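Trainee: Just so we're aligned, residue 1 is where the sequence shown starts under our numbering, counting upward by one. Before I ask anything, let me first share the structure, which is written out below as structure tokens.
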Amino acid sequence: MVLIVGFFISCSASQFSVDNLIEEENYQQALVEVETEIMKNPSAELYFLKAELHGNIAMQKSPMERVPDYQSMLAAVDSSKSYVIDRNPADSLVNSYWEFEQNAGLNTYQNENDSSLTLAVAHFENAITLLPENTGSYKSLSIAQYNNRNIDGAIKTLEAVNTDHNQDTEVYESLGFLYLEKGDADKAITNYRKANQDPIKNKNIAFGLVNAYISQNNVTESLSFLEKLVEEYPNDGRLHNVYGTQLYKQVSMLFPQLQRAYQQNDTTSASNLKIEVIGVSEKAENELVEAYKIDSSNLEFVESLAVFYNNMSGNYFSVLDDTFESDKQEIRNKALSLTDFAITYYSKLLESDPQNENYNNKLTNLNKLKESWANL
Numbered sequence: 001m002v003l004i005v006g007f008f009i010s011c012s013a014s015q016f017s018v019d020n021l022i023e024e025e026n027y028q029q030a031l032v033e034v035e036t037e038i039m040k041n042p043s044a045e046l047y048f049l050k051a052e053l054h055g056n057i058a059m060q061k062s063p064m065e066r067v068p069d070y071q072s073m074l075a076a077v078d079s080s081k082s083y084v085i086d087r088n089p090a091d092s093l094v095n096s097y098w099e100f101e102q103n104a105g106l107n108t109y110q111n112e113n114d115s116s117l118t119l120a121v122a123h124f125e126n127a128i129t130l131l132p133e134n135t136g137s138y139k140s141l142s143i144a145q146y147n148n149r150n151i152d153g154a155i156k157t158l159e160a161v162n163t164d165h166n167q168d169t170e171v172y173e174s175l176g177f178l179y180l181e182k183g184d185a186d187k188a189i190t191n192y193r194k195a196n197q198d199p200i201k202n203k204n205i206a207f208g209l210v211n212a213y214i215s216q217n218n219v220t221e222s223l224s225f226l227e228k229l230v231e232e233y234p235n236d237g238r239l240h241n242v243y244g245t246q247l248y249k250q251v252s253m254l255f256p257q258l259q260r261a262y263q264q265n266d267t268t269s270a271s272n273l274k275i276e277v278i279g280v281s282e283k284a285e286n287e288l289v290e291a292y293k294i295d296s297s298n299l300e301f302v303e304s305l306a307v308f309y310n311n312m313s314g315n316y317f318s319v320l321d322d323t324f325e326s327d328k329q330e331i332r333n334k335a336l337s338l339t340d341f342a343i344t345y346y347s348k349l350l351e352s353d354p355q356n357e358n359y360n361n362k363l364t365n366l367n368k369l370k371e372s373w374a375n376l
């Protein structure tokens with residue numbers, strides 16, 4: 001009797017078929033018939049067939065319209081797993097669709113235009129729907145969103161994948177970058193730190209942290225960090241240039257204090273501040289010169305030196321009227337010497353770009369100022 005019952009069940013199940021509808025690509029009608037059969041005689045095979053049909057229906061739609069069908073596919077896959085069978089191909093089905101969407105997103109992203117970015121975003125969102133535990137799809141989606149000028153969306157995507165139970169150093173690093181792009185230095189620093197890597201050994205994180213500190217106007221923290229970085233990467237001209245620029249910011253804050261010390265006739269403070277100004281400014285100059293030595297063709301490095309010498313000469317002249325009589329000649333000579341250096345580097349810039357009116361005007365003004373200051 002057991003054999004007979006099994007035989008009749010097998011025959012009954014085999015009588016149901018939607019192969020002809022599938023061959024005609026009439027997947028919607030096939031789905032209706034499969035759902036009707038499931039109501040009468042549910043099985044793993046029928047639920048798997050339902051999942052396959054939802055996948056086929058999804059492929060007939062644009063990538064932006066596939067999520068509901070993929071969700072129905074996953075629901076059918078889950079239902080199929082409620083039945084014990086020798087081999088359940090459900091996971092392979094989902095993985096194959098995930099691979100298709102992920103690769104389609106990557107290939108579309110390569111086109112690098114607005115319409116392709118929108119399409120890539122849809123493909124990556126589909127991939128996440130299919131395998132929400134796959135971190136790679138979230139990373140891909142966030143990159144596409146960022147390049148599609150949707151920074152908030154990119155942040156939301158990465159925040160969704162990074163939890164206490166699923167921490168990824170690359171995701172934290174990317175969040176640090178995105179928050180910095182958005183102008184939120186505090187959250188940028190928090191995420192860069194959460195990346196849990198030695199920032200001195202990771203240039204991306206190191207540069208991100210430096211930029212975050214600079215955007216906060218946190219000169220002390222940025223200088224401390226940059227000092228370690230130039231030691232670690234002595235041949236990186238960009239680091240030397242940034243370090244020199246930040247050192248200039250530090251020294252520029254000392255001049256108002258020096259001027260007050262002169263005005264208050266505070267000889268001790270004035271003497272100490274003057275020594276500090278000389279020490280920090282020489283260090284800034286050395287770093288900027290080092291960047292220039294590493295790459296003298298880099299106009300950014302040339303301009304940094306020109307601006308540094310120009311601004312330093314202006315700082316010295318700003319305190320000249322309040323300076324002790326005994327210091328006036330020294331301050332004037334220092335300012336004039338710095339003006340000469342500024343003229344030298346602005347001349348280099350003008351040589352590289354003879355039609356640049358800004359450089360030309362700057363040189364004209366510097367020569368006039370030099371002449372007037374020399375006669376003071």
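Where a beta carbon is used, it is the ideal one built from N, C-alpha and C, also for glycine. If you're wondering where the values come from, they're calculated on a predicted model, not measured in any experiment.
Taking just the CA atoms, how far does leucine 130 sit from leucine 74?
Mentor: Approximately 7 Å, taken between the alpha carbons.
Trainee: Take the Cβ of glycine 183 as the centre, count every other Cβ of all protein chains shown within 10 Å, and call the residue buried at 16 or more, exposed below.
Mentor: With fewer than 16 Cβ atoms within 10 Å of its Cβ, glycine 183 is classed as exposed.
Trainee: By alpha-carbon positions, which one of Ala291, Ile294, Ile331, Glu351 ends up nearest to alanine 270?
Mentor: Of the candidates Ala291, Ile294, Ile331, Glu351, the one whose C-alpha sits nearest the C-alpha of alanine 270 is Ile331.
Trainee: Of the residues Asp114, Asn113, Leu106, which one's Cα is nearest the Cα of glutamate 125?
Mentor: The residue with the shortest Cα to Cα distance from glutamate 125 is Leu106.
Trainee: Using only CA atoms, which one of Lys328, Leu305, Thr323, Glu357 lies nearest to aspartate 340?
Mentor: When only C-alpha atoms are compared, the closest one is Leu305.
Trainee: With respect to the alpha helix (DSSP H) encompassing leucine 158, which residues constitute its N-terminal and C-terminal limits?
Mentor: Unbroken alpha helix (DSSP H) run through leucine 158: 151-161.
Trainee: How would you write the range of the alpha helix (DSSP H) that lysine 139 sits in, first residue to last?
Mentor: First-last of the alpha helix (DSSP H) with lysine 139: 135-147.
Trainee: Do the stretch 321-335 and the stretch 291-305 make contact, defined as three or more Cβ pairs closer than 8 Å?
Mentor: The answer is no - the stretch 291-305 does not touch the stretch 321-335, with fewer than three Cβ pairs under 8 Å.
Trainee: Can you check whether the CB of lysine 156 is closer than 9 Å to the CB of tyrosine 172?
Mentor: Result no, Cβ atoms of tyrosine 172 and lysine 156 do not sit closer than 9 Å.
Trainee: Nearest to asparagine 311 by alpha carbon, out of Gln264, Asn360, Thr267, Leu247?
Mentor: For the residues Gln264, Asn360, Thr267, Leu247, the minimum Cα distance to asparagine 311 belongs to Leu247.
Trainee: In whole angstroms, give me the CA-to-CA distance for phenylalanine 317 and glycine 237.
Mentor: Rounded to the nearest angstrom, the two C-alpha atoms are 30 Å apart.
Trainee: Alpha carbon to alpha carbon, how far is leucine 366 from leucine 336? Give it in angstroms, no decimals.
Mentor: About 10 Å.
Trainee: Would you kindly work out how many angstroms separate the C-alpha atoms of serine 347 and glutamine 167, rounded to a whole number?
Mentor: Rounded to the nearest angstrom, the two C-alpha atoms are 52 Å apart.
Trainee: When the Cα atoms are used, what is the spatial distance from glutamine 110 to serine 92?
Mentor: For glutamine 110 and serine 92, the distance between alpha carbons rounds to 27 Å.
Trainee: For lysine 50, which of helix, strand or coil comes out of DSSP?
Mentor: Residue state, collapsed to three classes: helix.
Trainee: Quick one: give me the first and last residue of the alpha helix (DSSP H) that proline 68 is part of.
Mentor: First-last of the alpha helix (DSSP H) with proline 68: 67-80.
Trainee: Go through the stretch 224-294 residue by residue and report every complete run of the alpha helix (DSSP H) that reaches 4 residues or more, in order.
Mentor: List check, alpha helix (DSSP H) in window: 237-252, 254-263, 267-294.
Trainee: Nearest CA to the CA of glutamate 35: which residue from Leu49, Ala160, Gln216, Leu239?
Mentor: The residue with the shortest Cα to Cα distance from glutamate 35 is Leu49.
Trainee: To test your reading of the DSSP string, which unbroken alpha helix (DSSP H) runs of 4 or more residues are found completely within the stretch 107-135?
Mentor: Entirely contained in the stretch 107-135, the alpha helix (DSSP H) runs reaching 4 residues are, in chain order, 114-130.
Trainee: My understanding is that leucine 349 touches valine 307, with C-beta atoms under 8 Å, so please give their C-beta distance in whole angstroms.
Mentor: Between valine 307 and leucine 349 the Cβ distance is about 10 Å, and since that is not below 8 Å, they are no contact.
Trainee: Of the residues Trp98, Glu45, Ala342, which one's Cα is nearest the Cα of aspartate 78?
Mentor: Nearest of Trp98, Glu45, Ala342 to aspartate 78, Cα basis: Glu45.
Trainee: Say whether the stretch 217-237 touches the stretch 255-270, bearing in mind that this needs 3 or more beta-carbon pairs closer than 8 Å, one atom from each stretch.
Mentor: These segments do not touch.
Trainee: Pick from Lys249, Glu227, Asn20: whose alpha carbon is nearest that of proline 199?
Mentor: The shortest C-alpha separation from proline 199 is found at Glu227.
Trainee: Could you check whether leucine 254 and valine 280 sit closer than 9 Å to each other, using their CB atoms as the reference points?
Mentor: Yes, the Cβ-Cβ distance between valine 280 and leucine 254 is below 9 Å.
Trainee: Go ahead and pull the three-state DSSP assignment for glutamine 29.
Mentor: It is helical.
Trainee: Is the beta carbon of alanine 122 less than 9 Å from the beta carbon of methionine 64?
Mentor: Yes, these two residues count as a Cβ contact at 9 Å.
Trainee: Might you give, ordered along the chain, the residues of its own chain that have their beta carbon closer than 7 Å to the beta carbon of threonine 118, omitting 5 neighbours on each side?
Mentor: Excluding positions up to five away in sequence, the list reads Asn148.
Trainee: Tell me the DSSP secondary structure of serine 17 in three-state form.
Mentor: Serine 17 falls in the coil class under three-state DSSP.
Trainee: Between tyrosine 146 and glutamate 159, what straight-line distance do the alpha-carbon atoms span, to the nearest angstrom?
Mentor: Answer to the nearest angstrom: the Cα atoms are 14 Å apart.
Trainee: Can you list, in chain order, the residues of its chain with a C-beta nearer than 7 Å to that of asparagine 20? Leave out the 5 residues immediately preceding and following it.
Mentor: Cβ within range, chain order: n/a, list empty.
Trainee: Assuming contact is defined by CB atoms lying nearer than 9 Å, are alanine 58 and serine 80 in contact in what I supplied?
Mentor: Taking 9 Å as the Cβ cut-off, alanine 58 and serine 80 do not qualify as a contacting pair.
Trainee: Over what stretch of residues does the alpha helix (DSSP H) that includes asparagine 311 continue unbroken?
Mentor: Looking at the DSSP string, the run of the alpha helix (DSSP H) that includes asparagine 311 is 299-318.
Trainee: If I measure Cβ to Cβ from threonine 135 and keep anything under 6 Å in the same chain, skipping five residues before and after, which residues do I get?
Mentor: Within the same chain, threonine 135 has close Cβ partners Val161, Asp168.
Trainee: Between the alpha carbons of threonine 190 and isoleucine 205, how many angstroms are there, rounded?
Mentor: Roughly 11 Å between the two C-alpha positions.
Trainee: Over the uninterrupted alpha helix (DSSP H) stretch that includes tyrosine 83, give me the two end residues.
Mentor: Segment: none, tyrosine 83 is in no alpha helix (DSSP H) and carries neither H nor E.
Trainee: Less than 9 Å between the beta carbons of tyrosine 97 and tyrosine 138, yes or no?
Mentor: No, they are not a contact pair.
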